[in-house]
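K.L.:
Residue numbers (the numbering used here): 56 to 636.
Heads up, the beta-carbon is just placed ideally off N, CA and C, and yes, glycines get one too.
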Amino acid sequence: MRTGNWPIALAALLMVGCGARLVLLEQKEGAGLRAQAAREETANVTISAQRGAILDARGRTLAGSDRRPSIFLDPRSTRDARFLAASIAPVLGLAPDEIERTVRDNPDAGFVWLKRRVSDDEAAVIERIKRERGLTGVGVTRESVRIYPYGSAAAAVIGYVGVDQQGLGGIELSLNDQLVGVDGHRTSTVDRDRRRVRLEPEAYQPPRDGANIVLTIDVEIQRILEAELASLREAYDPNWVMGVVMDPSDGAILALGSNPGFDPRDPFPDGISVEDAYKRQRIRPLIDAFEPGSIFKPFVAIGALDDKLTRLDEVFPVRSREHYFGSRRIRDDHDLYDPTLAEVVIYSSNIGMAMLGERIGGKHIYDYVRRFGFGTPTGVDLPGEQGGVLRDLRQWTKYSIQSIPMGHELSVTAVQAVTAFSALCNDGALLRPRVVRGVVAADGQVIRDNSEAVVLRRVAPAELVSEFRMVALADVVREGTGEKAQLADYDVFGKTGTAQLWDRAAGHYSEEKYVASFVGAAPLERPKLAVVVSAYRPRVASHYGGTVSAPAVARILDKSLKYLGVPPTKTPTVKPKESGT
């Protein structure tokens, strides 16, 4: 070799040597790095926000959250699926081949639910077996679960949640966005067994818990209502029965429910169809409209009095239980002779109201119906509200001016009925009903304050409303069709209603199927509570609202007023009498 080329040769040798060294280093150290990388990986963990609570008017928890253990699989880090399955299947009551199949079908997954909402004992056994047998690919985490401390109380209002804590009915659905909060997250480095090695810097975001919803519902009054609805249904066997309790001074709904109802802890129980389960979850008092019958008479009468188209002492020429309006026969259940308008209401004369309707005409009647809020939703803050049915004036027949004052040819909801009746308790102010009192963030900040009453309009002058209440509605209970609503300690006023159901197949009103209702309030001078109860198709001979629903309303008023500490307004002991419509 020529000596002049040695620098080139030396450089070549050095390059070859360096390359060889790099290869050796890569083989030796790269293998170690790859082994470490195989042992470590990044894990992104979601930290669930706590779902907000739903509270009653006194701060009692109607719906809250707890954390329960759940079991998950990590197929990606599972070493021996068969051994894993055989070890944990007996604890969880699962088939081993089912667990193996879950691992095999999700080879690249780092997280797959195996069994959710297990007991603390089951979770502890899984943790022990995992530790003792060196199991990989299985873990225990805690997730939020909804709890309902008062069971089925106010279930229709509260609603329920699915397995992933999403609202599926009632307040849980309508205010789901406020209740859910915002999940947090944590990014960390974990080993093959999913044990955390280190937390990545700036990789932790705490969750923001959901807001709490405060309702106007009082759970004790709710329990009183539900107990009375259950007793009524047992005694009279209607298809269903519903009721609402309202504070007439501010429109707050203190109780609302129906029977049969449902349990939010088990919304689809064994033994009933899915269709029936959904029916039980309906918020019937604001969804299921019904013909009100005679509970509607006061609203038309008040309107006519306000327009000075009649007087409380005006005499109506009712001379028998039957009267013909052209070819149409209208009947009464009581013998009356020349009753005043007050007596038409007290004894629930259909003939007298039909005479009033013919006198005042369709336009006035339509205006009165709309004035009290019928034919349109009330605006209550619950999902699914219906506005009932009130046909446009141009669609009325020649019989409508007789029928509507009697409470036929239109339909109303229980919430509409108690809201309109509350206007007769508070000097004529029609209020917007409400169920949500406020929304409060987890840190205590008030997000929404709904505690103030909202007056929609005045339906009549205060003096007129007070006189009508004292003269007509009080005597409905003292001596009229609502005598079974009398109480020993409180002066009750109200109105009965017994509406025939329309028989579509026959094309006329049924003589056997009815809706029995009563709407009432107490005390007479300064009403604290207004209540409506309606029973759909009671299967008894005496199907009248005064017999079926009035006693239930009376008991709800009596128990609720005493619970609220309202002092008695009367002292004589009252013995209930037989009543009619």
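Identify whether Gln260 lies in helix, strand or coil by the three-state DSSP scheme.
P.N.:
For the purposes of this step, residue 260 is taken as the residue at position 205 of the sequence shown. Strand at Gln260.
K.L.:
Would you tell me roughly how many angstroms separate the C-alpha atoms of Gly214 and Glu275, rounded to the nearest one?
P.N.:
As a position in the sequence shown, residue 214 is number 159, starting the count at 1. As a position in the sequence shown, residue 275 is number 220, starting the count at 1. One C-alpha to the other measures close to 18 Å.
K.L.:
Identify every run of the alpha helix (DSSP H) within the region 265–336, keeping only runs that are complete inside it and at least 4 residues long; order them along the chain.
P.N.:
As far as the region 265–336 is concerned, its whole alpha helix (DSSP H) runs of at least 4 residues are 274–291, 329–336.
K.L.:
Which one of Glu346, Gly417, Thr101, Leu612 has the shortest CA to CA distance from Tyr564?
P.N.:
Reading the sequence shown from its first residue, position 509 is the one you call residue 564. With distances taken between Cα atoms, Tyr564 lies closest to Glu346.
K.L.:
With a 10 Å radius around its C-beta and 16 neighbouring C-beta atoms as the bar for buried, classify Tyr421 as buried or exposed.
P.N.:
In the sequence shown, residue 421 corresponds to position 366, counting from 1. It counts as buried.
K.L.:
Please say whether Thr116 and Pro261 have beta carbons closer to each other than 7 Å?
P.N.:
Indexing the sequence shown from 1 puts residue 261 at position 206. Indexing the sequence shown from 1 puts residue 116 at position 61. No, they are not a contact pair.
K.L.:
Can you list, in chain order, the residues of its chain with a C-beta nearer than 6 Å to that of Val78? Leave out the 5 residues immediately preceding and following it.
P.N.:
As a first step, residue 78 is located in the sequence shown; it is residue number 23 there, counting from the start. Here Val78 scores only 46 on pLDDT, less than 50, and its place in the model should not be relied on; the value that follows carries that caveat. Excluding sequence neighbours, Val78 sits near nothing in its chain.
K.L.:
By how many angstroms is the C-alpha of Val494 removed from the C-alpha of Gln105?
P.N.:
The sequence position of residue 105 within the sequence shown is 50, counting from 1. The sequence position of residue 494 within the sequence shown is 439, counting from 1. Whole-angstrom Cα-Cα distance: 15 Å.
K.L.:
Assuming Ser477 and Gly306 are in contact, meaning their beta carbons sit under 8 Å apart, how far apart are those beta carbons, in whole angstroms?
P.N.:
By one-based count along the sequence shown, residue 477 stands at place 422. By one-based count along the sequence shown, residue 306 stands at place 251. Between Gly306 and Ser477 the Cβ distance is about 7 Å, and since that is below 8 Å, they are a contact.
K.L.:
Go ahead and label Arg76 buried or exposed: buried means 16 or more other beta carbons lie within 10 angstroms of its beta carbon, across all protein chains shown.
P.N.:
Locating residue 76 in the sequence shown gives position 21, where the first residue counts as 1. In this prediction, Arg76 scores a pLDDT of 49, lower than 50, which makes its location untrustworthy; the coordinate-derived value is nonetheless stated afterwards. Flag for Arg76 reads exposed.
K.L.:
Which residues bound the alpha helix (DSSP H) around His419?
P.N.:
Here residue 419 refers to the residue found at position 364 of the sequence shown. Note, His419: alpha helix (DSSP H), 417–426.
K.L.:
Among the residues of its own chain, which have a CB less than 8 Å from the CB of Glu568, if the five just before and after it don't count?
P.N.:
Taking the sequence shown and counting its residues from 1, one reaches residue 568 at position 513. First, the amino acid is wrong: residue 568 is Lys here, not Glu. Excluding sequence neighbours, Lys568 sits near Gln555, Leu556, Asp558, Arg592.
K.L.:
Between the Cα of Leu411 and the Cα atoms of Arg278, Pro394, Thr553, which residue gives the shortest distance?
P.N.:
Your numbering for residue 411 matches position 356 in the sequence shown. For Leu411, the nearest C-alpha among the options comes from Pro394.
K.L.:
Helix, strand or coil for Ala650, going by three-state DSSP, please let me know.
P.N.:
Here the chain comprises residues numbered 56 to 636, so residue 650 is not present and cannot be evaluated.
K.L.:
Could you check if Asp163 is buried or exposed, using at least 16 other CB atoms within 10 Å of its CB as the buried criterion?
P.N.:
For the purposes of this step, residue 163 is taken as residue 108 along the sequence shown, with counting starting at 1. Exposed: under 16 other Cβ atoms inside 10 Å.
K.L.:
Does the beta-carbon of Val587 have 16 or more other beta-carbons within 10 angstroms, so that it is buried, or is it exposed?
P.N.:
As a working note, residue 587 is residue 532 in the sequence shown. With 16 or more other Cβ atoms within 10 Å, it is buried.
K.L.:
Rounded to whole angstroms, what's the CA-CA distance from Arg94 to Gly192? Just pull it up for me.
P.N.:
Position 39 of the sequence shown holds residue 94. Position 137 of the sequence shown holds residue 192. Bear in mind that a pLDDT of 48 at Arg94, under 50, signals an unreliable position, so the number given afterwards is only what the model happens to contain. Each residue's alpha carbon lies about 14 Å from the other.
K.L.:
What is the C-beta distance between Arg524 and Leu479, in whole angstroms, given that I count them as a contact (C-beta under 8 Å)?
P.N.:
By one-based count along the sequence shown, residue 524 stands at place 469. By one-based count along the sequence shown, residue 479 stands at place 424. Sure, about 6 Å apart at Cβ, within 8 Å.
K.L.:
Excluding sequence positions up to five away, which residues of its chain have a Cβ less than 6 Å from the Cβ of Ala140?
P.N.:
Position 85 of the sequence shown holds residue 140. For Ala140, where only same-chain residues beyond five positions count, the Cβ hits under 6 Å are Pro151, Ile154, Glu155.
K.L.:
Would you report the Cα separation of Leu284 and Tyr454, rounded to the nearest angstrom?
P.N.:
Sequence index remark: in the sequence shown, residue 284 carries index 229 (1-based). Sequence index remark: in the sequence shown, residue 454 carries index 399 (1-based). Cα to Cα, the separation comes out at about 35 Å.
K.L.:
Which same chain residues end up closer than 8 Å to Val470 when comparing Cβ atoms and leaving out the 5 residues on each side of it in sequence?
P.N.:
For the purposes of this step, residue 470 is taken as residue 415 along the sequence shown, with counting starting at 1. Hits under 8 Å: Val299, Ile308, Leu311, Pro340, Leu341, Thr433, Val435, Glu440, Pro488.
K.L.:
Identify the residues that DSSP records as bridge partners of Gln555: which are they?
P.N.:
What you label residue 555 is simply residue 500 of the sequence shown in a count that begins at 1. According to DSSP, which records beta bridges pairwise, Gln555 is partnered with Tyr569.
K.L.:
By Cβ distance, which residues of its chain are closer than 8 Å to Ser404, with the 5 residues on each side in sequence left out?
P.N.:
The sequence position of residue 404 within the sequence shown is 349, counting from 1. For Ser404, where only same-chain residues beyond five positions count, the Cβ hits under 8 Å are Phe371, Val373, Asp387, His389, Leu391, Pro394, Glu398.
K.L.:
Using the C-alpha atoms, what's the distance from Val212 back to Arg337?
P.N.:
Counted from its first residue, the sequence shown places residue 337 at position 282. Counted from its first residue, the sequence shown places residue 212 at position 157. Rounded to the nearest angstrom, the two C-alpha atoms are 9 Å apart.
K.L.:
Going by beta carbon distance, what residues of the same chain come within less than 6 Å of Ala515, once the five residues before and after it are set aside?
P.N.:
Within the sequence shown, the letter at position 460 stands for residue 515. Closer than 6 Å at the Cβ level, and outside the excluded window around Ala515, lie Ile357, Asp361, Gly483.
K.L.:
Assuming Ala609 and Leu287 make a contact with CB atoms under 8 Å, what is their CB distance in whole Å?
P.N.:
For the purposes of this step, residue 609 is identified with residue 554 of the sequence shown, where counting begins at 1. For the purposes of this step, residue 287 is identified with residue 232 of the sequence shown, where counting begins at 1. 12 Å between Cβ atoms; not a contact.
K.L.:
Could you check if Pro130 is buried or exposed, using at least 16 other CB atoms within 10 Å of its CB as the buried criterion?
P.N.:
Sequence index remark: in the sequence shown, residue 130 carries index 75 (1-based). So Pro130 counts as buried.
K.L.:
Alpha carbon to alpha carbon, how far is Gln91 from Leu190?
P.N.:
Working through the sequence shown from its first residue, we reach residue 91 at position 36. Working through the sequence shown from its first residue, we reach residue 190 at position 135. Unreliable positioning characterises Gln91 in this predicted model, as indicated by a pLDDT of 49, which lies under 50. The coordinate reading is nonetheless provided below. Approximately 20 Å, taken between the alpha carbons.
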